[in-house]
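Numbering (the UniProt record's numbering), first residue to last: 1 to 730.
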């Protein structure tokens with residue numbers, strides 16, 4: 001028997017379909033060990049040696065790996081092909097005590113039968129340099145997070161934390177907000193001359209007065225615009241010149257991680273996190289009518305390479321569905337701009353271009369279809385012929401004035417036939433000829449003001465981080481997710497706004513850690529981490545250099561940083577307990593109302609209390625949703641303080657022991673679910689759960705694991721993949 005180990009059960013399920021009875025495919029469910037949660041876990045004095053611990057919920061998996069590896073002839077580590085995947089594979093071998101002489105490392109860009117069988121024919125050993133690079137990144141992040149967070153908690157507010165790369169992203173957003181705040185707008189005007197051409201209006205823009213070309217601010221106010229307009233209306237105009245130039249518009253390359261996340265955000269409205277979750281499912285495998293296979297290639301990549309076979313298949317499809325003219329004479333080749341791109345990877349593309357989006361639509365959720373459709377169109381367009389456009393410029397002139405009208409005429413649509421999502425403004429040029437006299441119909445005065453730089457969107461922030469060389473394909477979504485979760489920023493109308501606490505934290509870090517939490521240093525560190533993987537930089541020396549610099553800054557910050565407390569926001573509300581004004585404060589779980597007379601009065605309220613259709617069983621008033629100090633939900637009477645009744649938050653789940661309602665509760669050990677019939681029924685269960693009947697034992701409850709459902713009956717081992725409908729609800 002041969003053992004194949006991957007990260008996820010979905011991936012395992014797909015790969016197992018391609019292999020015979022001589023192979024067993026199992027999942028590690030991601031990382032199986034990591035640095036400990038409750039202590040630093042890095043021995044700085046002994047070359048920054050990490051002290052790994054097996055994750056509590058992965059101990060049974062590790063034991064399974066040990067047992068199966070002993071029984072197997074070969075053990076194939078088939079984790080993802082990036083550095084994180086390499087590190088996961090290394091930890092599987094180490095923690096599972098897999099005999100080294102049995103271990104083979106296989107990688108593939110797509111989960112198809114051909115790719116898997118080819119990978120098995122070409123195994124290699126685990127790349128320890130890639131593992132060292134990933135381990136260095138993890139240790140650097142642990143040093144910054146573990147050492148900075150206590151400082152922020154002491155000097156600013158309890159519960160704050162900081163991250164190495166996330167702090168740079170926050171800094172960019174805060175600095176942009178400062179730019180907008182300090183921006184002074186400047187007024188300018190443009191004059192638009194409207195000429196008639198066969199009952200059709202042609203708009204041109206004034207460019208020249210008395211042979212002097214206008215710049216942006218030449219017409220700076222309404223008075224000057226009005227004066228020039230009156231002078232223009234006295235003139236007679238002719239067509240001075242018509243120029244026509246044929247432009248070739250080349251298609252854009254297929255997606256890499258950053259461009260996929262950016263365009264999925266702009267076009268589909270998906271967050272980077274959502275995009276990567278959906279892409280992961282498309283990559284790991286989807287059950288079609290006759291087979292299960294991955295629909296896209298690996299989605300964490302910064303390479304624009306495309307396999308020759310995929311190019312040839314794409315060209316055949318283009319010729320078949322769009323015609324010979326839409327296929328370029330030579331395949332389109334795209335060069336990766338990033339110096340650190342892993343060229344062994346491929347761009348993101350459909351594994352089989354012949355699987356048109358509408359052919360797989362019935363097997364996908366709505367969001368999966370949208371993303372697959374976007375990836376398919378982008379790839380097919382990237383392989384199609386260029387578009388041809390006539391750029392036409394017409395100059396209208398009088399004795400004193402000149403104006404210009406520009407048009408783009410589509411000659412051949414090329415790749416635009418496929419990529420129909422572009423905002424192309426094509427318009428046929430008017431039928432004027434040189435020296436034609438033209439009729440000036442009217443002159444429009446248009447006022448403008450210079451605009452401040454735009455706030456970052458998810459798409460533009462990712463693009464900026466990539467342009468600076470900060471982060472890597474696997475980290476963009478996490479960076480954004482982290483600064484949102486920490487409430488350092490908020491997304492409003494798809495734009496990032498720093499919160500008060502985010503500005504305070506960013507300024508404090510900038511005052512004392514400017515030399516390491518900045519764009520240039522972070523980009524250089526990313527380059528150094530890449531060079532660790534290439535054996536050009538020593539891992540221990542890199543960590544030592546960073547830590548020595550960081551420790552000096554940290555000691556200085558503890559000594560010199562003043563205590564900074566977020567300012568309360570005043571309100572017109574009055575505390576019903578003591579009559580003092582209520583203020584808005586920022587807490588660990590967001591903003592809330594608090595009495596300004598604290599600590600004498602400890603009254604607090606939710607800013608936006610969610611009223612539910614449940615009545616208080618003591619006074620009959622409506623109940624509202626509240627949150628405990630640990631973040632757990634519960635219900636409180638809206639008639640507070642006259643009625644101080646509270647009730648557990650209902651979940652809609654049923655107790656398998658007695659049929660009562662399961663309610664959410666919290667204890668010192670965290671969140672759990674208990675029966676509403678307590679103390680008559682003492683059923684409790686931890687973790688995320690759903691009501692679903694087990695086909696094996698009939699139990700009415702399932703636990704939700706990372707990539708699967710497991711019967712909640714401790715005596716039953718039934719497990720199944722998560723259904724699409726359940727995932728959508730989650």
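All C-beta atoms, glycine included, are put in the ideal place defined by N, C-alpha and C.
Pull the bridge partners of residue 497 from the DSSP assignment, please. In the DSSP output, where bridge partners are listed per residue, residue 497 has 490.
Taking residue 407 as the reference, which of 393, 418 and 414 has the closest Cα? Comparing Cα positions, the closest option is 393.
Pull up the distance between the alpha-carbon of residue 424 and that of residue 250, whole angstroms please. Straight through space, the alpha carbons of residue 250 and residue 424 are spaced by roughly 14 angstroms.
Among the residues of its own chain, which have a CB less than 7 angstroms from the CB of residue 441, if the five just before and after it don't count? Hits under 7 angstroms: 194, 195, 196 and 201.
So, helix, strand or coil for residue 95, using DSSP? In the structure shown, residue 95 sits in a helix (DSSP, three-state: H, G or I).
Under the three-state reduction of DSSP, which class applies to residue 195: helix, strand or coil? Residue state for residue 195 is assigned as strand, using DSSP reduced to three classes.
N- and C-terminal bounds of the beta strand (DSSP E) containing residue 74: Start and end: 74 to 77.
Do the stretch 221 to 236 and the stretch 372 to 383 meet, that is, are 3 or more Cβ pairs less than 8 angstroms apart? These segments do not touch.
Residue nearest to residue 22 in terms of C-alpha spacing, selected from 112, 76 and 28: Of 112, 76 and 28, the residue nearest in Cα terms is 76.
Use the C-beta contact count for residue 697: other C-beta atoms within 10 angstroms, 16 or more gives buried, fewer gives exposed. In this structure residue 697 is exposed. Its beta-carbon is surrounded by fewer than 16 other beta-carbon atoms within 10 angstroms.
Between the beta-carbon of residue 661 and the beta-carbon of residue 654, is there less than 8 angstroms? Yes, the Cβ-Cβ distance between residue 661 and residue 654 is below 8 angstroms.
Which residues in the same chain as residue 147 place their Cβ atom closer than 7 angstroms to its Cβ, once the five residues preceding and following it in sequence are excluded? Here the set comprises 554.
Cα separation between residue 290 and residue 693? Approximately 28 angstroms between the Cα atoms of the pair.
Candidates 327, 2 and 236: which alpha carbon is nearest residue 120's? Out of 327, 2 and 236, 2 has the C-alpha closest to the C-alpha of residue 120.
Excluding five sequence neighbours on each side, which residues of the same chain lie with their C-beta closer than 6 angstroms to the C-beta of residue 318? Around residue 318: 326, 327 and 384.
Proximity test, Cβ basis, 8 angstroms: residue 714 and chain D: In the displayed structure, chain D is absent; only one protein chain is listed.
At the level of alpha carbons, what is the spacing between residue 601 and residue 648? One alpha carbon belongs to residue 601, the other to residue 648, and they sit about 26 angstroms apart.
Ordered along the chain, which non-local residues of its own chain (more than five positions away) have a Cβ less than 8 angstroms from that of residue 343? Here residue 343 scores only 47 on pLDDT, less than 50, and its place in the model should not be relied on; the value that follows carries that caveat. Leaving aside the five residues that flank residue 343 on each side, the residues in its chain whose CB is nearer than 8 angstroms to its CB run, in chain order, 303, 305 and 336.
Rank 211, 11 and 80 by C-alpha distance to the C-alpha of residue 27 and give the top, closest one. Out of 211, 11 and 80, 11 has the C-alpha closest to the C-alpha of residue 27.
So what's residue 343 in DSSP terms, helix, strand or just coil? With a pLDDT of only 47 at residue 343, under the threshold of 50, the placement of this residue in the model should not be trusted, and no figure is reported.
Quick check: the Cα distance between residue 444 and residue 452, rounded to an integer number of angstroms? For residue 444 and residue 452, the gap between their C-alpha atoms comes out near 25 angstroms.
Using the three-state DSSP reduction, which class does residue 316 fall into: helix, strand or coil? Helix.
From residue 447 to residue 256, what does the alpha carbon distance come to, in whole angstroms? Whole-angstrom Cα-Cα distance: 41 angstroms.
Proximal residues to residue 686 (C-beta, below 6 angstroms), its chain only, five neighbours per side dropped: These residues qualify, in order along the chain: 672.
In chain order, what residues of the same chain have a beta carbon less than 6 angstroms from the beta carbon of residue 603, not counting five sequence neighbours either side? For residue 603, same chain residues with a beta-carbon under 6 angstroms away, outside a window of 5 residues either side, are 575, 577 and 595 in chain order.
Measuring straight from C-alpha to C-alpha, what distance separates residue 260 and residue 239? Taking the Cα positions, residue 260 is about 46 angstroms away from residue 239.
Where do the N-terminal and C-terminal ends of the alpha helix (DSSP H) with residue 349 fall, by residue? Boundaries cannot be given for residue 349, as no alpha helix (DSSP H) includes it and DSSP labels it neither H nor E.
Quick one: using the 10 Å Cβ neighbour count with 16 as the cut-off for buried, is residue 160 buried or exposed? Flag for residue 160 reads buried.
What residue ranges within the stretch 257 to 320 form continuous alpha helix (DSSP H) runs of no fewer than 4 residues, ordered along the chain? Listed in chain order, the complete alpha helix (DSSP H) runs (minimum 4 residues) inside the stretch 257 to 320 are 257 to 263 and 272 to 284.
May I ask you to verify whether the stretch 108 to 117 touches the stretch 160 to 170, counting CB pairs closer than 8 angstroms and requiring at least 3? No, the stretch 108 to 117 is not in contact with the stretch 160 to 170.
With contact counted as at least three CB pairs below 8 angstroms, one residue from each stretch, are the stretch 468 to 485 and the stretch 271 to 285 in contact? Three or more pairs of CB atoms, one per stretch, sit closer than 8 angstroms, so the stretch 468 to 485 contacts the stretch 271 to 285.
At the level of alpha carbons, what is the spacing between residue 711 and residue 719? In this structure, the CA atom of residue 711 is about 6 angstroms from the CA atom of residue 719.
Let me know if residue 728 comes out buried or exposed under the rule of 16 or more other beta-carbons within 10 Å of its beta-carbon. Below a pLDDT of 50, predicted positions are generally treated as unreliable, and residue 728, at 45, falls in that range; the measurement from the model is reported next regardless. Answer is exposed; the Cβ neighbour count stays below 16.
How do the stretch 502 to 514 and the stretch 542 to 557 stand: do at least 3 beta-carbon pairs fall below 8 angstroms, yes or no? Contact holds between the stretch 502 to 514 and the stretch 542 to 557, because three or more Cβ pairs, one in each stretch, are under 8 angstroms apart.
Would you kindly work out how many angstroms separate the C-alpha atoms of residue 550 and residue 208, rounded to a whole number? Residue 550 and residue 208 have their C-alpha atoms some 58 angstroms from each other.
Quick test of your reading: residue 664 and residue 651, contact by CB under 8 angstroms. State the CB separation rounded to the nearest angstrom. Yes, residue 664 and residue 651 are in contact; Cβ-Cβ is about 6 angstroms, under 8 angstroms.
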